[in-house]
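Visitor: Here it is: the structure, laid out below.
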């Protein structure tokens with residue numbers, strides 16, 4: 004059976020979402036091809052008005068464009084940028100980024116949820132980038148988000164799954180695809196996220212700043228596929244702490260006959 | 004120094020905090036061990052920033068550059084933003100003894116009218132640039148807020164990103180410029196040593212040191228998205244001034260977390276035959292040290308490299324720490340016209356006269372990605 008990744012009404016077979024910022028256009032094409040990615044993000048602020056077509060030239064046919072609202076500091080600005088994305092022909096997908104911290108670029112969950120609600124009602128496929136907080140994730144879901152995109156670590160840091168425990172909670176509790184975004188620095192970390200049950204992984208800096216961009220894109224592809232296969236094949240039970248052969252606490256249940 | 008009657012006073016203690024930290028900074032007390040500890044730190048503290056600016060860090064310049072490069076990559080990838088300054092007037096009421104625009108310097112003064120400004124922008128837009136920095140001399144009388152606002156409105160027709168580098172204003176005036184389309188404000192404090200400042204700025208509004216200091220804060224209060232800081236390194240003790248610049252930006256970002264921070268790194272060049280004499284001279288090595296220290300202390304900040312520096316330095320610093328570079332620069336008034344004839348004289352001599360295309364190609368040759376705009380006006 005084919006392993007399909009669904010976002011709204013759209014179906015994908017690749018679980019790798021590629022960022023397009025931070026590197027040159029001609030490398031993007033090679034990265035998309037080697038990554039086998041079917042979704043690529045695009046910062047509207049980078050693709051200044053009239054420039055979108057130019058960037059599209061570098062993106063292979065059949066790849067879904069995921070515009071983001073970077074540059075928005077609150078819900079109102081995010082909604083305005085989303086409208087602009089639709090106007091310039093970027094389709095109905097929108098990755099919401101509401102950031103009012105220029106130092107760590109941490110998303111503002113409160114504003115993001117507000118924007119998610121407005122944009123979902125307007126028919127967008129809403130993909131909110133967020134700090135992995137369970138209550139906020141429920142708000143995003145109730146607002147009509149198509150998935151949630153919790154960060155693994157502060158963006159650009161390549162530190163991996165610093166928020167692992169909290170992402171696991173979201174995977175366990177939120178019946179939407181959980182896409183780990185930001186902070187993933189190595190293929191092994193992407194693999195780990197997929198083993199945990201993430202629906203997909205998004206990466207940008209890790210690939211953009213690699214010595215060999217296409218090769219790193221391919222390494223991520225393989226790691227994500229390996230992690231997904233491992234998740235689907237239900238990993239064997241691995242005891243984290245030393246197990247004891249005897250049953251020191253429950254052994255008394257076997258002692259009934261002696262009474 | 005007392006504020007003049009029309010100058011807005013805001014409630015802030017940032018000036019006292021910056022000056023007291025700067026005055027307490029004794030860079031001679033830092034050792035190689037302090038520098039190594041700072042280089043190992045994941046997040047650089049103000050104290051670590053002081054260590055990296057000290058003479059003890061000079062032998063570690065290669066390590067410093069490598070750390071700075073890694074940090075720049077994390078935050079900016081391979082992107083290098085491009086822009087050009089546009090001088091629309093050079094009338095000035097200030098007497099700053101080091102500046103070519105000062106009111107006693109006998110130069111050709113000029114001010115472009117709206118038509119001429121538009122013509123300049125049309126010429127610049129042909130180069131593919133999407134970002135301009137509008138500059139005037141500091142004369143409220145000759146270049147009033149409305150005049151600057153009009154220039155911003157015209158610029159909006161041709162460019163995506165508009166910054167201003169003009170005299171400090173009140174927050175409501177910044178708000179007006181923001182409504183006209185500007186979103187970034189740069190003000191150079193020149194030096195953070197107020198005693199030295201007084202001896203360099205002999206006449207004009209600029210003499211009011213605290214009013215200038217609080218310009219960035221008023222700009223953010225007025226709705227500007229980003230603010231730029233700089234000391235003119237070499238006017239006074241460059242290590243202390245560099246510390247104060249970075250610390251000023253750091254405190255502002257803490258108070259206004261959404262504000263985008265930018266730092267420029269202009270320097271007075273040492274006099275050629277005087278190199279060994281003045282320990283406060285800023286040679287290329289010290290400039291590199293300062294820029295790398297800025298990067299590590301403010302990893303998220305945009306760092307601009309001026310055409311005061313030569314092609315070799317600029318092409319290399321964008322690989323290490325600078326993230327913004329100008330091209331096709333004219334520092335005279337009206338230098339972008341068809342035949343490039345200027346109506347008014349230049350502020351200073353530039354060392355890198357390359358065109359936008361030449362700088363663009365140099366960025367690509369460095370393995371980096373030239374970016375014309377990474378901004379959206381909302």
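Protein chains in written order, with our numbering: chain A, 4 to 262; chain B, 4 to 381.
Backbone N, C-alpha and C define an ideal beta-carbon position, used for all residues, glycine too.
Taking Cβ to Cβ, would you say residue 216 (chain A) is nearer than 9 Å to residue 182 (chain A)?
Guide: Position 213 of the first chain, counted from the start, is the residue given in the question as residue 216 (chain A). Position 179 of the first chain, counted from the start, is the residue given in the question as residue 182 (chain A). It is not a contact, given that the beta carbons lie outside the stated cut-off.
Visitor: Excluding five sequence neighbours on each side, which residues of the same chain lie with their C-beta closer than 8 Å to the C-beta of residue 77 (chain B)?
Guide: Your numbering for residue 77 (chain B) matches position 74 in the second chain. The answer, listed in chain order, is 302.
Visitor: Is the distance from the Cβ of residue 156 (chain B) to the Cβ of residue 183 (chain B) below 9 Å?
Guide: As a first step, residue 156 (chain B) is located in the second chain; it is residue number 153 there, counting from the start. As a first step, residue 183 (chain B) is located in the second chain; it is residue number 180 there, counting from the start. The answer is yes: Cβ separation under 9 Å.
Visitor: Beta strand (DSSP E) containing residue 87 (chain B): first to last residue?
Guide: Within the second chain, numbered from 1, the residue matching residue 87 (chain B) stands at position 84. Looking at the DSSP string, the run of the beta strand (DSSP E) that includes residue 87 (chain B) is 82-92.
Visitor: Leaving aside the five residues before and after residue 120 (chain B) along the sequence, list all residues of the same chain whose C-beta is less than 6 Å from its C-beta, in chain order.
Guide: On the second chain, position 117 is the one that residue 120 (chain B) refers to. Correct list, in chain order: 91, 154 and 157.
Visitor: Alpha carbon to alpha carbon, how far is residue 223 (chain B) from residue 230 (chain B)?
Guide: On the second chain, residue 223 (chain B) is found 220 positions in, with the first residue counted as 1. On the second chain, residue 230 (chain B) is found 227 positions in, with the first residue counted as 1. Whole-angstrom Cα-Cα distance: 7 Å.
Visitor: Please give me, in chain order, every unbroken run of the alpha helix (DSSP H) with length at least 4 that falls completely inside the region 93-170 of chain A.
Guide: Whole alpha helix (DSSP H) segments, 4+ residues: 112-124 and 137-146.
Visitor: Report yes or no: is there a C-beta of chain A within less than 9 Å of the C-beta of residue 378 (chain B)?
Guide: The residue you call residue 378 (chain B) lines up with position 375 of the second chain. Interface residue, yes.
Visitor: Is the Cβ of residue 319 (chain B) closer than 9 Å to any Cβ of chain A?
Guide: Taking the first residue of the second chain as 1, we reach residue 319 (chain B) at position 316. No, its Cβ sits nowhere closer than 9 Å to a Cβ of chain A.
Visitor: Can you pull out the residues from the region 287-318 of chain B whose beta carbon lies closer than 9 Å to at least one beta carbon of chain A?
Guide: Listed by position along the chain: 301, 302, 303 and 304.
Visitor: Can you tell me whether DSSP reads residue 362 (chain B) as helix, strand or coil?
Guide: Within the second chain, numbered from 1, the residue matching residue 362 (chain B) stands at position 359. Helix at residue 362 (chain B).
Visitor: State the DSSP-derived secondary structure class of residue 256 (chain B), mapped to helix, strand or coil.
Guide: By 1-based counting over the second chain, the position of residue 256 (chain B) is 253. Helix.
Visitor: From the DSSP output, in three-state form, read off residue 177 (chain B) for me.
Guide: Mapped onto the second chain, residue 177 (chain B) falls at position 174. Looking at residue 177 (chain B) - three-state DSSP - the assignment turns out to be helix.
Visitor: Contact criterion: CB-CB distance below 9 Å. Does residue 160 (chain B) meet it with respect to chain A?
Guide: In the second chain, the residue the question calls residue 160 (chain B) occupies position 157. No - not a single Cβ of chain A is within 9 Å of the one on residue 160 (chain B).
Visitor: Kindly indicate which three-state DSSP category residue 278 (chain B) falls into: helix, strand or coil?
Guide: By 1-based counting over the second chain, the position of residue 278 (chain B) is 275. Low confidence applies here, because residue 278 (chain B) scores a pLDDT of 49, under 50, leaving its location unreliable; read the following figure in that light. Looking at residue 278 (chain B) - three-state DSSP - the assignment turns out to be coil, as it is neither helix nor strand.
Visitor: Roughly how many angstroms separate the alpha carbons of residue 371 (chain B) and residue 12 (chain B), rounded to a whole number?
Guide: By one-based count along the second chain, residue 371 (chain B) stands at place 368. By one-based count along the second chain, residue 12 (chain B) stands at place 9. Taking the straight line from one Cα to the other gives about 43 Å.
Visitor: Between residue 209 (chain B) and residue 99 (chain B), how many whole angstroms is the CB-CB distance? I'm expecting something under 8 Å.
Guide: Walking along the second chain from the start, residue 209 (chain B) turns up at place 206. Walking along the second chain from the start, residue 99 (chain B) turns up at place 96. The pair is a contact, with the Cβ atoms about 7 Å apart (cut-off 8 Å).
Visitor: Return helix, strand or coil for residue 389 (chain B), following the three-state DSSP convention.
Guide: In this structure chain B extends from 4 to 381, so residue 389 (chain B) is not present and cannot be described.
Visitor: Here's a check: name, in chain order, each residue in its chain whose Cβ is nearer than 7 Å to the Cβ of residue 188 (chain A), leaving out the five neighbours to either side.
Guide: Counting from 1 along the first chain, the entry for residue 188 (chain A) is found at position 185. Within the same chain, residue 188 (chain A) has close Cβ partners 161, 162, 163 and 209.
Visitor: Just the chain B side, please: which residues come within less than 7 Å of residue 104 (chain A) by C-beta, in chain order?
Guide: For this step, residue 104 (chain A) is matched to residue 101 along the first chain. Going along chain B in sequence order, the residues near residue 104 (chain A) (Cβ under 7 Å) are 260 and 261.
Visitor: Where does residue 292 (chain B) fall in DSSP's three states?
Guide: Taking the second chain and counting its residues from 1, one reaches residue 292 (chain B) at position 289. DSSP places residue 292 (chain B) in helix when its eight states are reduced to three.
Visitor: Tell me whether the beta-carbon of residue 163 (chain B) lies closer than 9 Å to the beta-carbon of residue 10 (chain B).
Guide: For this step, residue 163 (chain B) is matched to residue 160 along the second chain. For this step, residue 10 (chain B) is matched to residue 7 along the second chain. No; because the gap between Cβ atoms is not below 9 Å, this pair is not in contact.
Visitor: Note down the Cα distance separating residue 119 (chain A) from residue 90 (chain A), rounded to an integer number of angstroms.
Guide: Here residue 119 (chain A) refers to the residue found at position 116 when the first chain is read from its first residue. Here residue 90 (chain A) refers to the residue found at position 87 when the first chain is read from its first residue. Rounded to the nearest angstrom, the two C-alpha atoms are 18 Å apart.
Visitor: What's the gap between the Cα of residue 170 (chain B) and the Cα of residue 315 (chain B)?
Guide: The residue given as residue 170 (chain B) occupies position 167 in the second chain. The residue given as residue 315 (chain B) occupies position 312 in the second chain. So the two alpha carbons sit approximately 32 Å from each other.
Visitor: So which residues of chain A does residue 77 (chain B) contact, with C-beta pairs closer than 8 Å?
Guide: The sequence position of residue 77 (chain B) within the second chain is 74, counting from 1. Within chain A, the residues near residue 77 (chain B) are 159, 160, 161, 208 and 212.
Visitor: Strictly under 9 Å for the Cβ-Cβ distance: is residue 116 (chain B) near chain A by that measure?
Guide: Locating residue 116 (chain B) in the second chain gives position 113, where the first residue counts as 1. With 9 Å as the cut-off, residue 116 (chain B) does not count as an interface residue toward chain A.
Visitor: DSSP state of residue 205 (chain A), grouped into three classes?
Guide: Within the first chain, numbered from 1, the residue matching residue 205 (chain A) stands at position 202. Three-state result, residue 205 (chain A): strand.
Visitor: I'd like to know if residue 89 (chain A) contacts chain B, where contact means its C-beta is closer than 9 Å to some C-beta of that chain.
Guide: Along the first chain, read from residue 1 onward, the residue named residue 89 (chain A) stands at position 86. It does not: the Cβ of residue 89 (chain A) has no partner Cβ on chain B nearer than 9 Å.
Visitor: Taking the beta strand (DSSP E) that residue 297 (chain A) belongs to, which residues open and close that run?
Guide: The first residue shown for chain A is 4 and the last is 262, placing residue 297 (chain A) beyond what the model contains.
Visitor: Name the one or two DSSP bridge partners that residue 327 (chain B) has.
Guide: Position 324 of the second chain, counting from 1, holds the residue named residue 327 (chain B). Beta-bridge pairing links residue 327 (chain B) to B:84 and B:307.
Visitor: First and last residue of the alpha helix (DSSP H) that includes residue 36 (chain B)?
Guide: Against the second chain, residue 36 (chain B) aligns to sequence position 33. 35-43 is the span of the alpha helix (DSSP H), which, as asked, contains residue 36 (chain B).
Visitor: Kindly say whether residue 276 (chain B), judged by its beta-carbon, lies nearer than 9 Å to any beta-carbon of chain A.
Guide: Start at 1 with the first residue of the second chain, and residue 276 (chain B) comes out as number 273. Low per-residue confidence applies at residue 276 (chain B): pLDDT is 47, beneath 50, and the placement is therefore not dependable enough to give any value.
Visitor: Round the Cβ separation of residue 80 (chain B) and residue 359 (chain B) to the nearest angstrom and send it over; I've been treating them as touching at under 8 Å.
Guide: To locate residue 80 (chain B), count along the second chain from 1; it is residue 77. To locate residue 359 (chain B), count along the second chain from 1; it is residue 356. With 8 Å as the limit, residue 80 (chain B) and residue 359 (chain B) do not qualify as a contact, their Cβ atoms being about 22 Å apart.
Visitor: Using a Cβ-Cβ cut-off of less than 7 Å, give me the residues of the region 57-82 of chain A that come near chain B, in sequence order.
Guide: If the cut-off is 7 Å between Cβ atoms, the region 57-82 of chain A has 74, 75, 76 and 80 near chain B.
Visitor: Do residue 75 (chain A) and residue 127 (chain A) have their beta-carbon atoms positioned less than 9 Å apart in this structure?
Guide: The count along the first chain starts at 1 and reaches residue 127 (chain A) at position 124. The count along the first chain starts at 1 and reaches residue 75 (chain A) at position 72. No, the Cβ-Cβ distance between residue 127 (chain A) and residue 75 (chain A) is not below 9 Å.
Visitor: Report the option in B:232, B:144, B:69 and B:378 whose CA atom is closest to the CA atom of residue 291 (chain B).
Guide: Within the second chain, residue 291 (chain B) is the residue found at index 288, counting from 1. Nearest of B:232, B:144, B:69 and B:378 to residue 291 (chain B), Cα basis: B:69.
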